[in-house]
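Take 4 as the starting number for the sequence shown in my numbering and just add one per residue.
Heads up, the beta-carbon is just placed ideally off N, CA and C, and yes, glycines get one too.
Given the structure is predicted, the values throughout are model-derived calculations rather than measurements.
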Amino acid sequence: MNVSDRLEQRLAGVRLSVLRELSQLATGLGIDLYLVGGSVRDVLANVPLTDIDIMATGNPERLVESIRDRRNATVRKASAFGTWSLTVQGVDVDLATARRETYERPGALPTVIPGTVEDDLARRDFSINAMAISLGESSWGTLLDPHDGVTDLSRGVIRVLHDRSFEDDATRILRAIRYACRLDFRLESCTATLLERSLPYVSRISPDRVRHEIERIFEEPRAGDMIEMAGKLGVLAAIHPGLRAEQKTLRDLQTEPDDNARRAHLLLGSMVQSVADGDMESVVERLNLNSDWARLVRDVAAVRGRLYELEDENVARSRVYRLLQGLHPHAVESCAVAATDTKVADWLRLYLDELRHVRPLLDGDNLMALGVREGPEVGLLLTKLLDAKLDGLVESVEDEEAMVRRALRT
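Written out as structure tokens, the structure is:
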């Protein structure tokens with residue numbers, strides 16, 4: 004089967020020119036070059052092609068050196084597995100050596116040795132990612148599909164290549180969910196059974212690898228659907244028993260604007276809403292969270308521990324400020340999204356939208372000019388001024404000055 008027409012439609016312009024240039028170089032060196040993986044899937048599915056992944060058999064180092072000698076190209080060695088990141092004519096390309104992988108034990112990183120194109124496709128996660136398109140000058144556009152990926156692509160299914168796939172690498176469970184939701188596909192029946200049976204292997208994945216897969220989910224437009232699916236299939240609980248998919252929260256977040264950092268924080272905040280306060284540290288450890296994400300998770304617990312005070316009808320605005328001051332704003336926001344008590348949610352929103360931005364009109368220098376002695380008294384009076392402003396007791400500079408003078412007389 005030749006798909007050169009489709010390939011050239013999807014890669015029109017400079018990207019096609021780059022592949023033609025690499026093809027000529029490889030052919031001259033006796034190296035077979037292929038477009039592989041998700042790039043082939045996206046070409047055949049007629050969806051936007053974001054990444055260009057190519058694979059070389061033989062000795063790709065010679066090809067890399069030829070590329071390095073060109074003025075319009077830069078080369079960076081990406082990993083010990085024989086992969087390189089290239090930029091040619093401004094186009095980013097990932098080049099990998101065809102390889103074969105074996106797993107010493109479930110969850111371990113694979114042992115990698117050079118292999119054939121067939122070996123390389125056989126090591127891949129799903130049939131729709133196990134196809135290649137030849138970029139050879141004489142075989143340009145020829146599709147290699149040893150695992151019937153085209154059929155699965157047309158049927159809209161995610162299918163693993165062998166029964167031990169999820170056991171070998173349980174991160175494929177999270178990738179299966181990501182692809183299913185992104186492409187609006189379903190899990191093939193045997194694959195769904197294997198996924199459920201392989202859930203215990205999730206605990207063997209290192210914290211960094213689990214977190215990396217979650218980060219990739221957070222980057223997806225349908226991240227909420229992916230987390231919800233992971234919850235329904237028991238994957239979140241397999242990562243950590245306290246993680247949950249809060250459906251209402253996830254639906255709200257699915258429509259959030261494209262602020263990726265904030266959206267990721269809110270998604271993570273939604274996932275830990277059901278984690279007991281005493282278990283938050285174990286979530287931090289299980290995912291090896293960076294300091295920012297760890298603070299977010301800890302502050303979700305801190306916010307939850309203070310919500311009961313917001314149920315009081317007579318709570319002062321200054322008290323709300325003091326309760327939430329210094330906590331991660333996205334922890335507060337994730338609790339607001341998850342809150343079932345409208346009054347509590349309204350207080351959290353008011354803090355985020357208004358209260359945390361309030362400041363007295365007078366500063367420390369102004370207070371000392373009015374006669375307040377330098378030292379702790381300045382800070383105490385500024386705190387009282389802020390509370391008064393939050394509670395609507397002072398509005399103008401004159402109001403604040405009068406309050407300071409009254410304090411000096413007592």
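Considering only Leu19, Gly245, Val300, the residue with the shortest C-alpha distance to Ala279 is Gly245. Contact between Thr145 and Asn5 holds, since their C-beta atoms are separated by about 6 Å, short of 8 Å. Residue burial is scored here from C-beta neighbours: Arg71 has fewer than 16 other C-beta atoms within 10 angstroms and is therefore classed as exposed.
As far as DSSP is concerned, Val347 takes part in no beta bridge.
Closest in alpha carbon position to Leu239, among Glu222, Arg265, Ser277, Thr53, is Ser277. Taking the C-beta atoms as reference points, Arg65 is found nearer than 9 Å to Leu32. Here Pro203 carries a helix assignment [DSSP, helix/strand/coil].
Under the three-pair Cβ rule at 8 Å, the segment 8 to 25 does not count as touching the segment 155 to 171. Ala179 is classed as buried because its beta carbon has at least 16 other beta carbons within 10 Å across all chains shown. His243 and Ala319 have their C-alpha atoms spaced approximately 38 Å apart. Secondary structure at Phe129: strand, using DSSP grouped into helix, strand and coil.
From the listed residues Leu310, Val120, Ser192, the smallest Cα separation to Leu38 is found for Val120.
Within the same chain, Cβ atoms closer than 7 Å to the Cβ of Ala297 are found at Val287, the five residues on either side in sequence being excluded.
Counting along the chain, Pro117 sits inside the beta strand (DSSP E) bounded by residues 114 to 117. Residues of the same chain with a CB within less than 6 Å of the CB of Tyr106, apart from the 5 flanking positions on each side, are Pro113, Asp171 in chain order. In the three-state reduction of the DSSP assignment, Thr100 falls in the strand class. Burial state of Pro51 is exposed, judged by a 10 Å Cβ sphere holding fewer than 16 other Cβ atoms. For the pair Ile131 and Asp166, the Cα-to-Cα distance works out to about 16 Å. Counting along the chain, Asp35 sits inside no beta strand (DSSP E), nor does DSSP assign it H or E at all.
Secondary structure of Ile136 (DSSP, three-state): strand. Pairwise C-beta distances place the segment 392 to 411 in contact with the segment 365 to 378, as three or more of them are shorter than 8 Å. Per DSSP, Leu236 is not a residue of any beta strand (DSSP E), being assigned neither H nor E. Non-local beta-carbon contacts of Leu22 in its own chain, meaning distances under 7 Å to residues more than five positions away in sequence, involve Leu14, Leu138 in chain order. Contact annotation: Ser168 and Leu202 have beta-carbon atoms that are not nearer than 9 Å. Assigned with DSSP and collapsed to three states, Ser42 falls in helix. The C-alpha of Leu327 lies about 21 Å from the C-alpha of Leu396.
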